[in-house]
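Undergrad: Throughout the sequence shown, residue numbering follows our numbering, covering 8 to 103 in sequence.
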Amino acid sequence: MSTNAGSAAPLIPAQAGIQGEPQDTGSPLSRRRADERARPLARWFRRGPWENGAMTLIALGIIMLVQPWSIDLYGYSFVTILVGTLSYVAVSHFPE
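#1: Which residue's Cα is closest to the Cα of V86: G68, Q74 and R53?
#2: Along the chain, where does the alpha helix (DSSP H) containing S99 start, and where does it finish?
#3: Comparing C-alpha positions only, which one of S94, E58, I88 and S99 sits nearest to N70?
#4: Cα separation between E103 and Y95?
#5: So what does DSSP say about W57, is it helix, strand or coil?
#6: Nearest to V90 by CA position, among R54, E58 and F101, is which residue?
#7: If you draw a straight line from the alpha carbon of S99 to that of A66, how long is it in whole angstroms?
Below, the structure is given as structure tokens:
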């Protein structure tokens with residue numbers, strides 16, 4: 008059994024790393040947190056919330072397209088659907 012320099016206490020695997028650094032447990036959550044610390048913008052550019060926003064924009068454009076009350080909303084519906092679709096395509100390349 009290996010020991011620390013001069014002490015008789017055995018070396019515990021959890022204490023083998025540099026003090027203050029979290030041990031990598033291999034879980035997806037710990038890897039994601041480590042990744043977010045390494046790349047701070049990764050937190051803002053995650054796929055999930057942006058995909059939801061793009062899908063909401065597409066749905067809003069479809070609602071604007073089929074509503075019978077305002078010709079102005081109908082006129083902007085195609086642009087809204089197009090922006091939502093292009094946003095969804097761009098966001099699909101963001102990290103999970």
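Glycine included, C-beta positions come from ideal geometry on N, C-alpha and C.
TA: On the basis of the coordinates in this document:
#1: Mapped onto the sequence shown, residue 86 falls at position 79. Of G68, Q74 and R53, the smallest CA-CA separation from V86 is found for G68.
#2: The residue given as residue 99 occupies position 92 in the sequence shown. That residue, S99, is in no alpha helix (DSSP H); it is neither H nor E in DSSP.
#3: On the sequence shown, residue 70 is found 63 positions in, with the first residue counted as 1. The displayed chain sequence assigns Ile, not Asn, to residue 70. Nearest option by C-alpha distance: I88.
#4: On the sequence shown, position 96 is the one that residue 103 refers to. On the sequence shown, position 88 is the one that residue 95 refers to. The straight-line gap from Cα to Cα measures roughly 14 Å.
#5: As a working note, residue 57 is residue 50 in the sequence shown. Three-state DSSP puts W57 in a helix.
#6: Position 83 of the sequence shown holds residue 90. Comparing Cα-Cα distances from V90 to each of R54, E58 and F101, the minimum goes to E58.
#7: Residue mapping note: residue 99 aligns to position 92 of the sequence shown, counting from 1. Residue mapping note: residue 66 aligns to position 59 of the sequence shown, counting from 1. Those two C-alpha atoms are separated by around 17 Å.
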